[in-house]
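Chains as they are written, first to last, in the numbering used here: chain A, 1 to 171; chain B, 172 to 327.
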Amino acid sequence: MTDGPATPATDGPVTKLATPIRIEYEYTAGLAQSRFLKGIAEGKFLGQRCPACGKVYVPPRGSCPTDGVATTDEVQLGNTGTVTTYCVVNVPFQGQSIEIPYICAQILLDGANIAFMGLIQEIPTDQIRMGMRVEAVWVDKDQLGLSMASVKYFRPNGEPDAPYESFQEYL
Amino acid sequence: MADSEVLRAPHVLEYPYLRSVGPVIGAFLTGLRDGHILGARSQSPDGAPTVIVPPTEYDPTTGRDVGELVEVGPSGVVTTWAWASAPRKDQPLDRPFAWALVRLDGADTAMLHAVDAGAPGAMASGMRVTARWRAPGERVGRLLDIECFVPEAAAP
Chain A
1 MTDGPATPAT DGPVTKLATP IRIEYEYTAG LAQSRFLKGI AEGKFLGQRC
51 PACGKVYVPP RGSCPTDGVA TTDEVQLGNT GTVTTYCVVN VPFQGQSIEI
101 PYICAQILLD GANIAFMGLI QEIPTDQIRM GMRVEAVWVD KDQLGLSMAS
151 VKYFRPNGEP DAPYESFQEY L
Chain B
172 MADSEVLRAP HVLEYPYLRS VGPVIGAFLT GLRDGHILGA RSQSPDGAPT
222 VIVPPTEYDP TTGRDVGELV EVGPSGVVTT WAWASAPRKD QPLDRPFAWA
272 LVRLDGADTA MLHAVDAGAP GAMASGMRVT ARWRAPGERV GRLLDIECFV
322 PEAAAP
């Protein structure tokens, strides 16, 4: 019944029907992610360390999935990291906000034990490679906010590539 | 850290589907836009003629192709119903109403729609209802081109 906004068809046969589905949530970030986002709003990456295995998770979820214990020690990570793997996006889709082609990469921040996804810019797409060293580029200080939109993208920082052995565990 | 320091934010998921409706549903929707309710001729497993509304491309009982489309309604019988006392956003009516299965005159199946009856006491299985159409200029080829059904006794 929720056939929503109408498809204009004032004459001729009706061939299409708009059936949008919309779900409205209020997302609660939880303690760990709230700390992380408040760090982002100050232009820094905050992770949390597992007291049992010592691994540092970023963004933190508040517990270690391996040991099942709370991660209480906060760790500030650097602004640089290593591309562990990547994908060049060539396919347009509805709602796309970045001009194609662009690079989506898994980035292992220095000091972290898990990679997260980030956009890579300021490099031709055919030059991206595993092990590339990158740095975060933030929005201007007065634009920083409680979301990952505060990080504009990552770009090569000019350091020599990290050896494969240094990130092979994180693929 | 106090609970008040936990961040909350709206999070909206929306899938803007645009479906291709095919020849049968397409004809049904075109009919609604033009002020007619169409059903599909078919046959029950024992060969008796039936009319399926809304029409499907295949008979759901036998799996066979359906035949020509025929006009049904615009009035019919409520076969069963449920009262919606607190209508939600985007539901057919903004006041309490009944969800009802309506078997239109000339049809052998019932169709889900809203009945604007005012109060649950005005609803009964077996009652007759008739379609309240949107104005021709507001109809675009969707089920809500019929705004709702109303009790036949109350119809103008």
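Using N, Cα and C, we set each Cβ at its ideal position, and we do this for glycine too. Predicted, not measured: the structure shown is a model, and the values here were computed from it.
| Item | Value |
| --- | --- |
| Whole runs of the alpha helix (DSSP H) within the segment 78 to 127 of chain A, excluding any shorter than 4 residues | none |
| Interfacial residues, the segment 173 to 187 of chain B to chain A, with Cβ spacing under 7 Å | Glu176, Val177, Leu178, Arg179, Ala180, Pro181, His182, Val183, Leu184, Glu185, Tyr186, Pro187 |
| Span of the beta strand (DSSP E) around B:Gly210 | 208 to 214 |
| Classification of B:Ser213 by the beta-carbon crowding that lies within 10 angstroms, buried from 16 upward | buried |
| Supposed close pair B:Ala255, B:Gln262 - CB separation, criterion 8 Å | 7 Å |
| Contiguous beta strand (DSSP E) assignments of at least 3 residues, all confined to the segment 205 to 263 of chain B | 208 to 214, 220 to 223, 240 to 243, 246 to 255 |
| Inter-residue CB distance, A:Met132 and A:Val83 (contact presumed, cutoff 8 Å) | 4 Å |
| Sequence-distant residues of the same chain with beta carbon closer than 8 Å to A:Gly78, five excluded per side | Phe45, Leu109, Asp110, Gly111 |
| B:Leu337: contacting residues in chain A (beta-carbon distance under 7 Å) | Beyond the ends of chain B as shown, which are 172 and 327, falls residue 337 of chain B; an answer cannot be given. |
| Cutoff 8 Å: A:Glu159 Cβ touching any chain B Cβ | no |
| Span of the alpha helix (DSSP H) around A:Phe36 | 30 to 40 |
| Contact set for A:Val75: own chain, Cβ-Cβ below 6 Å, skip 5 residues either direction | Gly47, Arg49, Val56 |
| Neighbour list for A:Leu46 in chain B, Cβ cutoff strictly below 7 Å | Here the premise fails: no neighbours, minimum Cβ distance about 13 Å. |
| Buried versus exposed, by CB contacts within 10 Å (16 or more), B:Met282 | buried |
| Anticipated Cβ contact below 8 Å, B:Val286 with B:Ala269, distance rounded | 4 Å |
| Below-8 Å beta-carbon distance, B:Gly206 vs any chain A residue | no |
| DSSP three-state assignment for B:Ser296, whether helix, strand or coil | coil |
| Identity of the residue in B:Asp217, B:Ala306, B:Arg299 nearest B:Asp205 by Cα | B:Ala306 |
| Residues of the segment 21 to 50 of chain A whose Cβ lies closer than 7 Å to any Cβ of chain B, in chain order | Ile21, Arg22, Ile23, Glu24, Tyr25, Glu26, Tyr27, Thr28, Ala29, Gly30, Leu31, Ser34, Leu37 |
| Below-8 Å beta-carbon distance, A:Leu144 vs any chain B residue | no |
| N-terminal and C-terminal residue of the beta strand (DSSP E) that A:Ala143 is part of | It is worth fixing the name first, because residue 143 of chain A is Gln in this sequence and not Ala. Where A:Gln143 is concerned, there is no enclosing beta strand (DSSP E), given that its DSSP letter is neither H nor E. |
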